[in-house]
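The structure under discussion appears below in the form of structure tokens.
In my numbering, the protein residues as written are 13 to 377.
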């Protein structure tokens, strides 16, 4: 005798199946393929709010990318698969790959870890090959040691691979900084809408549609997860986990706590906005104090030092110096080659270093 399921249970299962199919289509459009047998994990995601373990698309799918550069690299990887598989294994064992999946997710980059390692492998191969070709050409004219050419090419190859592996993490951190800058305004926006009686879901939709840069994009991802059947608290918790902004992480955890305890969300958002704004002001003051010292440093190396070197170099290389005067001036170690190294290599390097130092010191929440 067959056991009949209650009608409401059948209806619930039909709704869940519909949501699962919708999620599978969305993941497929974003470059994620649901492996056979993983539909139960999607049902768990909907019913319990737990994240599934998804098997992303294969490396072969890179050739179908809309980006011409990614498509070219993917096709090259497939054509040179025998060599690239060896390079892939070398790159995949690097310690920087351990957090790669999470960094890609945080940076909102539509690649899997396997796909990104493949891109890093083929990019490093090209950069190393080009470096080897250029150095080999120079060695013909300048007599560079072939062993040195090979060593430099291998070093450039590994540094290129490491640089590619660092890209998702750096992009995720950049998104976190951009989110921190916009966060106080977004939190006050949320507080205003909540105090006006608008529900949390509609408020999150408003933030997702507003012009808050990466912050709006992250809220749009959260809205999508909620629409796919995830509980609001779980979606906000996932937002807190994937963001690289400590301020947003703190705000989301307080929001989840207020939802659980039935607290006043509007007051909570205002308090968090005040804290974030205060932290930003403090960081701005510290940044301005540091800029005073960096300004002096910049003036010396960008203005005073070049003029000083130019004067000494002119005296050292002037043809009018004769006798004892010429001997004293020749002691100045500023011949034309030395001055070329200072102006073309040393000084640009110092100014580029200052530029990156200022970029890294910029305040953020």
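The beta-carbon is built from N, C-alpha and C at its ideal position, and this holds for glycine as well.
A distance below 7 Å between beta-carbons, with the five flanking residues on each side excluded, links residue 216 to the following residues of its chain, in chain order: 231, 234 and 235. Straight through space, the alpha carbons of residue 70 and residue 84 are spaced by roughly 16 Å. By the C-beta density criterion, residue 208 is exposed, having fewer than 16 other C-beta atoms within 10 angstroms. By the C-beta density criterion, residue 213 is exposed, having fewer than 16 other C-beta atoms within 10 angstroms. In the DSSP annotation of this structure, the continuous segment of the alpha helix (DSSP H) that includes residue 245 starts and ends at 244–254.
By the Cβ rule, the region 355–368 does not count as touching the region 281–298, because fewer than three pairs are nearer than 8 Å. Exclusion of the five residues before and after residue 277 leaves 206 and 270 as the residues of its chain whose Cβ lies within less than 6 Å of its Cβ.
Secondary structure of residue 81 (DSSP, three-state): helix. Annotation for residue 160: the continuous alpha helix (DSSP H) segment containing it runs 158–207. Shown here for residue 268: same chain residues with a beta carbon closer than 7 Å to its own, the five before and five after excluded, namely 245, 248 and 249 in chain order. The C-beta separation of residue 321 from residue 346 comes to about 7 Å, placing the pair in contact by the 8 Å criterion. Rounded to whole angstroms, the separation of the alpha carbons of residue 109 and residue 116 is 11 Å. For residue 151, the enclosing alpha helix (DSSP H) stretches over residues 125–154. By the C-beta criterion, the region 118–138 is judged not to be in contact with the region 150–157, since fewer than 3 inter-stretch pairs fall below 8 Å. Here the region 91–109 lies against the region 170–184, with 3 or more beta-carbon pairs under 8 Å apart.
In this structure, DSSP gives residue 344 a state outside helix and strand, which the three-state scheme calls coil. If you look at residue 263, you'll find it in the alpha helix (DSSP H) that goes 258–273. Residue 191 and residue 328 have their alpha carbons spaced roughly 54 Å apart. Shown here, residue 229 sits in a helix according to DSSP, grouped into three states. Excluding residues up to 5 positions away in sequence, 190 and 194 lie with their Cβ nearer than 7 Å to the Cβ of residue 225 in the same chain.
The three-state reading of DSSP puts residue 106 in coil, since its state is none of H, G, I, E or B. Per the Cβ contact rule, the region 255–263 is not in contact with the region 168–179 (fewer than 3 Cβ pairs under 8 Å).
Residue 121 and residue 112 have their alpha carbons spaced roughly 11 Å apart.
A buried status is given to residue 135, since no fewer than 16 other beta-carbon atoms sit within 10 Å of its beta-carbon. In the DSSP assignment, residue 218 falls within the unbroken alpha helix (DSSP H) covering 212–221. In the structure shown, residue 276 falls within a coil segment according to DSSP collapsed to helix, strand and coil. The continuous stretches of alpha helix (DSSP H) do not include residue 355, and DSSP gives it neither H nor E. Annotated three-state conformation of residue 292 is helix, per DSSP. Of all alpha-carbon atoms in 324, 293, 374 and 222, the one lying nearest the alpha-carbon of residue 306 is that of 374. Boundaries of the alpha helix (DSSP H) around residue 322: 317–329. Under a 10 Å Cβ-count criterion, residue 274 is classified as exposed, with fewer than 16 other Cβ atoms of the shown protein chains found around its own Cβ.
Annotation: residue 158 to residue 166 spans about 12 Å, alpha carbon to alpha carbon. DSSP, reduced to helix, strand and coil, places residue 303 within a helical segment of the structure shown. Look at residue 92 here: in three-state DSSP terms it is coil, with no helix or strand label. The beta carbons of residue 293 and residue 118 sit about 27 Å from each other, so the pair does not count as a contact at 8 Å.
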